[in-house]
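Numbering (my numbering), first residue to last: 6 to 83. All C-beta atoms, glycine included, are put in the ideal place defined by N, C-alpha and C. For clarity, every value in this text was computed on a predicted model and none was experimentally measured. Since the structure comes first, as structure tokens, the remarks are kept for the end.
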Amino acid sequence: MGQRPGAQEAQPSKPSPEELAAQVRQSLAQAKTAMDGGKYDDAIVGYRKALQLDPNNSTAREGLARAQKAKAAEDALR
6 MGQRPGAQEA QPSKPSPEEL AAQVRQSLAQ AKTAMDGGKY DDAIVGYRKA
56 LQLDPNNSTA REGLARAQKA KAAEDALR
């Protein structure tokens, strides 16, 4: 079966609000686990990912700030 001229390739579908919320929760959980384990770089990545998915997420913003502060304090001791 041929495509119509000008037809676009199939693009990945945008996640539903429920899927997006689940991805945010997963990123936050991973970031918290990393934070609790003192893995501040991993926590920062997780919180940033959550913010990419939901830029208005206050938990992710606050977690990112805490993780960055903890990393800065740890780096200052080295």
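Span separating the alpha-carbon of residue 54 from that of residue 32: The residue labelled residue 54 in the question sits at position 49 within the sequence shown. The residue labelled residue 32 in the question sits at position 27 within the sequence shown. Between residue 54 and residue 32, the C-alpha separation is close to 7 Å.
Close Cβ partners of residue 29 (< 7 Å) along its chain, the five nearest in sequence each way excluded: Sequence index remark: in the sequence shown, residue 29 carries index 24 (1-based). Around residue 29, the same chain offers 55, 58, 59, 62 as residues with beta carbons nearer than 7 Å, after the five sequence neighbours per side are excluded.
Beta-carbon proximity check, residue 39 vs residue 47, cutoff 8 Å: To locate residue 39, count along the sequence shown from 1; it is residue 34. To locate residue 47, count along the sequence shown from 1; it is residue 42. It is a contact, given that the beta carbons lie within the stated cut-off.
Chain B within 8 Å of residue 55, Cβ atoms only: Any reference to chain B falls outside this structure, which holds one protein chain only.
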